[in-house]
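Colleague: With our numbering applied, the sequence shown corresponds to residues 3 to 301, in that order.
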Amino acid sequence: MMTQISSTNEELLNALPGFQERYASVNGVHLHYVSGGKGNPLILLPGWPETWWAYHKVMPLLAQHYEVIAVDIRGMGHSDMPLMGYDKKNMAQDLAELITHLGYSNAYVAGHDIGAHVAFSLAANHPKLVSKLILLDTPHPTPDMFRLPMLPTGSMAEGSGYTYPWWVAFNQLKQLPEQVLAGRIRIILDWVFDHLLLNKNSIDTSDRAVYAAAYDTEAGIRASNAWYQAFLQDIEDSKTYAALPMPVLGIGASGYELLNYTLPEQATQWQVVQIEESGHFLLAEQPQKTAAAMMAFLG
């Protein structure tokens with residue numbers, strides 16, 4: 003089932019000369035992606051609450067050196083939104099089949115937020131397909147997630163520099179979020195962006211309209227929440243993963259310390275780079291610095 007959203011990619015692609023949109027049928031779903039550039043393939047995976055457009059500021063920079071392939075993951079944007087299959091191991095299978103569908107034996111892979119979960123799972127389950135891995139501000143779910151407090155503590159108070167991630171719990175709920183928020187998702191998006199960005203204008207009104215159009219339906223909310231509802235399975239799967247054999251780079255802003263904490267146990271070859279003057283959405287706030295760190299690692 004192809005799910006259409008109200009915004010089209012034509013106007014967005016006009017701002018990115020040399021990029022084209024494509025679809026691929028893999029693992030029982032149709033995935034939408036935007037590609038451009040020449041060189042070794044670089045798969046870019048966005049997270050909640052964004053789409054492939056999350057990478058639009060870095061795509062022209064990266065395309066000078068790589069074939070850039072920005073993907074709407076299962077449940078996102080112009081890709082299919084099925085009822086099932088949102089555990090990250092299965093979503094990794096989507097990407098494994100996409101890489102093969104595109105004719106590549108392996109690729110560089112980068113992911114932000116939920117996309118980082120999928121990227122890590124792809125590397126863990128299909129290590130031969132991932133030559134180098136980049137995690138942007140977010141590690142894969144582990145049992146440490148169970149330590150998140152139900153209520154914000156004093157260190158999470160307003161103005162402390164830490165935003166209590168209430169949506170991780172809220173998005174676990176089935177049916178209620180889409181019933182409450184369909185047609186009004188912009189309220190949530192603005193709150194998240196305003197609280198997780200240092201420079202609120204780095205994701206501007208037009209960007210927010212793109213993301214609102216992608217999520218402002220019952221199907222869009224249900225599918226994106228399913229990424230969170232699969233965390234229990236993702237955590238169980240993580241217990242079976244060996245340390246990643248390929249080089250891994252963590253690029254962190256608000257997630258810098260978390261990446262420093264998790265990667266030593268998850269990878270055999272790892273490094274973490276800190277992006278200053280940025281919140282969680284570092285691709286929007288510091289695209290030049292983020293792209294530079296990615297290119298220095300990928301070579």
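Glycine included, each C-beta is placed from N, C-alpha and C at the ideal position.
In this structure, does DSSP put GLN95 in helix, strand or coil?
Modeller: Looking at GLN95 - three-state DSSP - the assignment turns out to be helix.
Colleague: Roughly how many angstroms lie between the CA atoms of ALA294 and GLN268, to the nearest whole one?
Modeller: Going by the C-alpha atoms only, they are around 24 Å apart.
Colleague: Once DSSP output is grouped into helix, strand and coil, what is the label at ILE187?
Modeller: Residue state, collapsed to three classes: helix.
Colleague: In whole angstroms, what separates the C-alpha of GLY281 from that of ASN16?
Modeller: Roughly 28 Å separates the two Cα atoms.
Colleague: If you follow the alpha helix (DSSP H) that TRP169 is part of, which residue opens it and which one closes it?
Modeller: From DSSP, the alpha helix (DSSP H) with TRP169 extends over 168–172.
Colleague: Assuming THR53 and GLY79 make a contact with CB atoms under 8 Å, what is their CB distance in whole Å?
Modeller: Going by Cβ atoms, the distance from THR53 to GLY79 rounds to 4 Å, so yes, they are a contact pair.
Colleague: Beta-carbon separation of VAL274 and LEU285 under 8 Å?
Modeller: No, the pair does not count as a contact, with Cβ atoms beyond the cut-off.
Colleague: How is the beta strand (DSSP E) around HIS34 delimited, first residue to last?
Modeller: Run containing HIS34: 31–38, per the beta strand (DSSP E) assignment.
Colleague: Just to confirm my understanding: we take SER37, look at its own chain, exclude 5 residues before and 5 after, and list those with CB closer than 7 Å. What are they?
Modeller: So the qualifying residues of the chain are PHE21, GLN22, ARG24, GLU69, VAL70, ILE71.
Colleague: How should SER8 be labelled, buried or exposed, when 16 other C-beta atoms within 10 angstroms of its C-beta is the threshold for buried?
Modeller: With a pLDDT of only 42 at SER8, under the threshold of 50, the placement of this residue in the model should not be trusted, and no figure is reported.
Colleague: So, using beta-carbon positions, are SER204 and GLU287 closer together than 8 Å?
Modeller: Closer than 8 Å, so yes.
Colleague: What are the residues that DSSP puts in a beta bridge with LEU246?
Modeller: Partner(s): ALA269.
Colleague: Return the chain-ordered ranges of every alpha helix (DSSP H) run that is complete within the stretch 79–125 and spans a minimum of 4 residues.
Modeller: You should have 90–103.
Colleague: For GLN276, which three-state DSSP category applies?
Modeller: Strand.
Colleague: With a threshold of 8 Å between beta-carbons, can ARG186 be considered close to chain C, or not?
Modeller: The chain labelled as chain C is not found in the depicted structure, where only one protein chain is given.
Colleague: Pairs of beta-carbons, one from the stretch 137–148 and one from the stretch 222–241, closer than 8 Å: are there three or more?
Modeller: Yes, the stretch 137–148 is in contact with the stretch 222–241.
Colleague: Please check the pair TYR217 and VAL170, which I expect to be a contact at CB under 8 Å, by giving their CB distance rounded to whole angstroms.
Modeller: The Cβ separation is near 16 Å, so there is no contact.
Colleague: Evaluate the contact criterion for the stretch 92–99 versus the stretch 55–68: three or more CB pairs, one atom per stretch, below 8 Å.
Modeller: Segments in contact, no.
Colleague: For VAL111 and ILE45, what's the separation of their Cα atoms in angstroms?
Modeller: About 5 Å.
Colleague: Using DSSP with H/G/I as helix, E/B as strand and the rest coil, what is LYS59?
Modeller: The answer is coil: DSSP assigns LYS59 none of H, G, I, E or B.
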